[in-house]
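Student:
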């Protein structure tokens with residue numbers, strides 16, 4: 013996890029993309045932007061992914077802190093946490109930090125830090141319907157997903173389904189196509205990943221607020 017200092021937000025197409033994200037979050041609480049992650053970032057992430065051995069990925073857990081458990085009936089993906097020492101990931105971390113600063117300025121969200129991991133789904137893997145955060149129980153407030161799957165075709169599965177919070181009806185089904193960005197308010201939208209017919213790579217990340225108390229540091233340093 014990284015506590016981050018504000019960088020200068022660059023000129024050009026990135027602020028326009030950030031504004032699109034902000035408008036959609038403000039109006040509906042989620043944003044789906046196909047093929048929108050800038051090419052410099054997707055190239056760097058593909059480079060980072062290419063040099064990782066399959067055995068660097070570990071079975072993902074459910075829950076948080078001491079309550080974490082591995083439950084293959086809920087999720088079967090494997091993950092690799094993104095840290096600055098990993099080759100080629102700093103472009104991603106810089107971009108997500110720029111987005112953090114923009115959303116704080118534009119929507120006053122109070123985003124404090126960001127964490128993310130690569131996720132690897134083998135054919136047939138899934139992640140059952142869940143929330144990324146429950147009200148009052150976590151400081152994750154904004155979820156970010158992007159996909160690293162070139163040539164993904166309809167019918168290959170692996171979609172992300174986002175549901176309405178109140179009645180759990182389906183709001184949108186997202187193909188895990190290369191460079192697509194998905195953002196949503198973590199406490200508000202249950203979601204799931206459907207099984208795929210081929211290997212599926214993504215990044216899942218979360219912006220967090222600072223909920224530190226005198227007896228509890230959160231996020232950890």
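In this note's numbering, the protein residues as written are 13 to 233.
A virtual CB, placed ideally from N, CA and C, is assigned to each residue, including glycine.
(1) In chain order, which continuous runs of the beta strand (DSSP E) of length 3 or greater are located wholly inside the stretch 78-134?
(2) Residue 131: buried (16+ other C-beta within 10 angstroms of its C-beta) or exposed?
(3) Give a yes or no on contact between the stretch 198-214 and the stretch 133-152, applying the rule of three or more CB pairs nearer than 8 angstroms.
(4) With distances taken from CA atoms, which of 103, 207, 129 and 42 is nearest residue 200?
(5) Which two residues bound the contiguous alpha helix (DSSP H) that contains residue 51?
(6) Find out if the Cβ-Cβ distance for the pair residue 220, residue 161 is shorter than 9 angstroms.
(7) Going by DSSP, what residue range makes up the beta strand (DSSP E) through residue 220?
(8) My output table needs one value for residue 48: the three-state DSSP class, helix, strand or coil.
(9) I'd like the list of long-range same chain contacts for residue 1, defined as Cβ closer than 8 angstroms, with 5 residues on each side in sequence excluded.
(10) Roughly how many angstroms separate the alpha carbons of residue 181 and residue 142, rounded to a whole number?
(11) Can you give the beta carbon distance from residue 128 to residue 217, rounded, assuming they're within the 8 angstroms contact cut?
(12) From 121, 115 and 104, pick the residue whose C-alpha is nearest to that of residue 51; which is it?
(13) Nearest-angstrom Cα distance between residue 225 and residue 124?
(14) Taking residue 113 as the reference, give the member of 140, 31, 203 and 207 with the closest Cα.
(15) From which residue to which residue does the beta strand (DSSP E) around residue 155 run?
Tutor: So, from the listed chains and residues:
(1) 90-93 and 125-133
(2) buried
(3) yes
(4) 42
(5) 51-62
(6) no
(7) 212-220
(8) coil
(9) Within the shown structure, residues of the chain are numbered from 13 to 233, placing residue 1 beyond reach of any answer.
(10) 14 angstroms
(11) 3 angstroms
(12) 104
(13) Low confidence applies to residue 225: its pLDDT is 46, below 50, so where it sits in the model is not reliable, and the reading given next is rough at best. Computed Cα separation, rounded: 15 angstroms.
(14) 31
(15) 152-159
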